[in-house]
Amino acid sequence: MTAINKSQDVRALGFTIAHCLILGGVLCGSWLAFPAKTAAQTKLAEPLPPKLPDGRQRAFPTAEGFGAGSLGGRGGKVLYVVNTDESGPGSLRACIEASGPRVCVFRTGGTIVLRERSLVVRNPFLTIAGETAPGGGIAIRNGDKQIRPSIEIVTNDVIIRHIRLRPGPHAVRACCSGGLGMYSAAAKDIMLDHISASWGSDETVDSEDASNFTWQWGIASEPLLRGGPGKKNRARNMLFTKGGNISVHHSLFAFGQFRNPLIKMKIPGAVADVVNNVFFSPKWQYVLSFGDEWGHIRANVVGNYKIAGENLQNDHMVHLFDERGGGHAIYVKDNYDEPYRTQPGQDDSLVLAESQRGSVSPQAFNAEAVRASGPEIAYDEVLAHAGATKPQRDAIDRRIVEDVKNRRGRLLANDPNDVGGWPELDAGIPYQDSDMDGISDDWEVANGTDPKNADDAKSDQDGDGWTNLESFLHFMAGDTADAASHE
């Protein structure tokens with residue numbers, strides 16, 4: 001992170017409490033105290049500076065953390081997704097497997113069923129703009145013989161927003177039916193924003209060797225206890241191994257007893273930044289956990305909120321696996337961990353078992369900035385805004401959020417139909433786009449571009465560093481003050 005001149009107003013630069021903790025209290029003075037403001041006074045779409053402190057362009061106005069500099073498909077071609085077929089012309093697979101910078105723009109809502117193979121992102125510079133989907137939005141599920149993640153990323157500079165991943169159980173004795181995986185040291189500079197992921201047979205989301213990525217404003221919920229032959233006592237939401245520089249913030253982890261996430265890093269000097277997440281389950285074993293199997297762990301755990309339902313078992317928020325003696329150094333600050341730490345004045349280390357508190361670091365570790373609030377405000381914001389909310393939340397996420405609010409529900413054994421199954425998502429009617437540049441005619445007229453000239457999609461009308469197409473996508477995703485309302 002680039003150093004800041006002490007005379008600068010850090011708030012004007014978009015920095016907040018978490019940054020003060022990471023950059024050092026001397027830069028922020030008395031402002032380190034959490035401001036007294038209500039959830040009603042906070043806004044998801046508060047714009048950040050277009051440039052990151054190191055000069056890179058931000059992926060979009062609300063992108064934060066280690067993946068915030070992802071290029072995605074900036075300046076590339078627009079490829080329409082016009083059907084929910086597993087493959088073929090006009091499919092999501094056709095866009096993903098194309099080469100060169102590209103943006104997948106959806107002209108239909110609905111559910112894509114993968115019966116044969118994953119959607120593998122091998123070519124870099126891709127944006128999957130789920131916020132453009134009409135109707136009920138886009139979901140992806142696996143058939144019962146599909147035993148890989150629905151989406152696999154093995155390359156750099158990928159942005160995925162407002163997609164629902166609902167893989168479901170598998171009938172094959174193999175591992176595993178998942179939602180999203182990042183598998184390669186080449187998988188870096190990745191931004192995963194407003195993704196809803198449920199019903200994996202092991203972890204629903206995982207990575208191996210990936211680095212510099214962000215999971216933000218997502219929902220990971222209801223991983224299956226017994227999602228396939230030989231799978232028992234699972235219910236694991238998320239696992240990140242070997243890579244490093246990982247941001248997980250403003251997300252809901254619900255009904256997963258393990259791995260929310262489990263993080264094991266390998267890159268020397270790497271940091272995991274876990275900020276303002278909400279954790280809920282009727283049974284907690286190793287809620288948020290770190291393992292030193294491949295190397296020393298350095299992590300910030302700030303402003304998170306953990307509660308339980310039936311309290312069948314209720315471990316501390318943070319657990320450390322001492323596997324090969326690599327060691328842990330964990331900075332913990334202002335977390336709410338019921339029943340262990342529920343008052344602001346209590347010792348921050350109470351979120352770990354007493355035997356593990358010797359691994360608490362007195363100082364935060366340097367990480368790409370993430371705006372933070374107190375845990376109570378984070379709880380309200382996450383439940384209001386997390387997951388695939390464009391064009392609207394589906395029935396699954398609405399049910400999950402209500403269950404968290406009411407502290408009810410149980411771990412899901414193996415059949416999504418027990419909780420309502422996969423909803424039918426309406427195809428909807430796409431917006432008018434005469435020049436097929438991905439931008440709606442209405443937006444072009446309102447913003448002074450030509451709805452009959454596709455070339456202006458790659459221009460930068462307002463000089464903010466984002467193309468006109470990107471500015472339109474920000475509008476559709478709810479990043480700006482004039483954001484589109486689909487509901």
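Under UniProt numbering, the first residue of the sequence shown carries the number 1, and numbering increases by one thereafter.
Quick reminder that beta carbons are idealized off the backbone N, C-alpha and C, glycines included.
The model shown is predicted, which means the values in this text are computed figures rather than measured ones.
Local Cβ density within 10 Å of residue i, reported as buried at 16 or more and exposed below that
i, result
"residue 429", "exposed"
"residue 136", "buried"
"residue 445", "exposed"
"residue 325", "exposed"
"residue 29", "Residue placement at residue 29 is flagged as unreliable, the pLDDT there being 29, under the threshold of 50; the coordinate-derived value follows with that caveat. Residue 29 should be labelled exposed."
"residue 440", "buried"
"residue 142", "buried"
"residue 342", "exposed"
"residue 494", "With the chain running from 1 to 487 in the structure shown, residue 494 is simply not present."
"residue 334", "buried"
"residue 339", "exposed"
"residue 468", "buried"
"residue 117", "exposed"
"residue 265", "buried"
"residue 51", "exposed"
"residue 405", "exposed"
"residue 398", "exposed"
"residue 152", "buried"
DSSP bridge partner residues for residue i (one or two, in chain order)
i, result
"residue 181", "152 and 206"
"residue 127", "103 and 159"
"residue 314", "284"
"residue 216", "193 and 249"
"residue 57", "51"
"residue 291", "321"
"residue 221", "198 and 254"
"residue 259", "Note: residue 259 sits in no beta bridge, so no partner."
Among the options, nearest to residue i - alpha-carbon criterion
i, options, result
"residue 260", "204, 300, 270 and 412", "204"
"residue 246", "392, 426, 370 and 225", "370"
"residue 200", "224, 218 and 68", "224"
"residue 474", "117, 94 and 159", "159"
"residue 323", "96, 293 and 347", "293"
"residue 144", "131, 166, 162 and 123", "166"
"residue 295", "304, 314 and 272", "272"
"residue 282", "411, 212, 97 and 275", "411"
"residue 415", "152, 154, 128 and 171", "171"
"residue 134", "391, 466 and 192", "391"
"residue 459", "76, 337 and 477", "76"
"residue 82", "93, 435, 206 and 48", "93"
"residue 191", "169, 155, 168 and 177", "155"
"residue 291", "244, 305 and 150", "244"
"residue 130", "393, 239 and 210", "393"
"residue 309", "409, 389, 59 and 138", "409"
"residue 362", "378, 337, 375 and 329", "329"
"residue 105", "450, 472 and 181", "472"
Extent of the continuous alpha helix (DSSP H) run through residue i
i, result
"residue 489", "Past the boundaries of the shown model lies residue 489; the chain is included only from 1 to 487, so the question cannot be answered."
"residue 94", "92-97"
"residue 442", "441-447"
"residue 399", "395-406"
"residue 379", "375-385"
"residue 469", "468-477"
Proximity test, Cβ basis, 8 angstroms: residue i and chain D
i, result
"residue 447", "The displayed structure is made up of one protein chain only, and chain D is not part of it."
Start and end residues, beta strand (DSSP E) containing residue i
i, result
"residue 263", "262-265"
"residue 329", "328-333"
"residue 111", "110-114"
"residue 340", "Where residue 340 is concerned, there is no enclosing beta strand (DSSP E), given that its DSSP letter is neither H nor E."
"residue 390", "From DSSP, residue 390 is part of no beta strand (DSSP E); its letter is neither H nor E."
"residue 77", "77-81"
"residue 419", "Segment: none, residue 419 is in no beta strand (DSSP E) and carries neither H nor E."
"residue 273", "272-275"
"residue 302", "297-302"
"residue 357", "Neither: residue 357 is in no beta strand (DSSP E) and is coded neither H nor E."
Near the ligand GTP: residue i beta-carbon under 7 angstroms from a heavy atom
i, result
"residue 271", "Among the components modelled here there is no ligand, and therefore nothing to report on the ligand GTP."
Next item on the list: Assess, as a yes-or-no matter, whether the stretch 243-261 is touched by the stretch 278-297 under the definition of 3 or more beta carbon pairs within less than 8 angstroms.
Entry: Short answer: they touch.
Assess contact between the stretch 189-199 and the stretch 99-111, defined as three or more Cβ pairs (one per stretch) separated by less than 8 angstroms. Is contact present? In short, these stretches do not touch, since the Cβ pair count stays below three.
Report task. Indicate whether the contact test is met: 3 or more Cβ pairs, each with one atom in the stretch 368-385 and one in the stretch 235-250, closer than 8 angstroms. Result -> Segments in contact, yes.
The stretch 379-395 / the stretch 341-357 touching (three or more Cβ pairs under 8 angstroms): Because the criterion of three Cβ pairs below 8 angstroms is not met, the stretch 379-395 and the stretch 341-357 do not touch.
Q) Can you find at least 3 beta carbon pairs, one from the stretch 51-66 and one from the stretch 414-422, that sit closer than 8 angstroms? A) Touching, no, given that fewer than three Cβ pairs across the two stretches are closer than 8 angstroms.
| Taking contact to mean at least 3 C-beta pairs separated by less than 8 angstroms, is the stretch 93-110 in contact with the stretch 118-125? | The stretch 93-110, when compared against the stretch 118-125, does touch it at the 8 angstroms Cβ threshold.
field: the stretch 80-100 / the stretch 212-223 touching (three or more Cβ pairs under 8 angstroms)
entry: In this structure the stretch 80-100 does not touch the stretch 212-223; the number of beta carbon pairs closer than 8 angstroms is below three.
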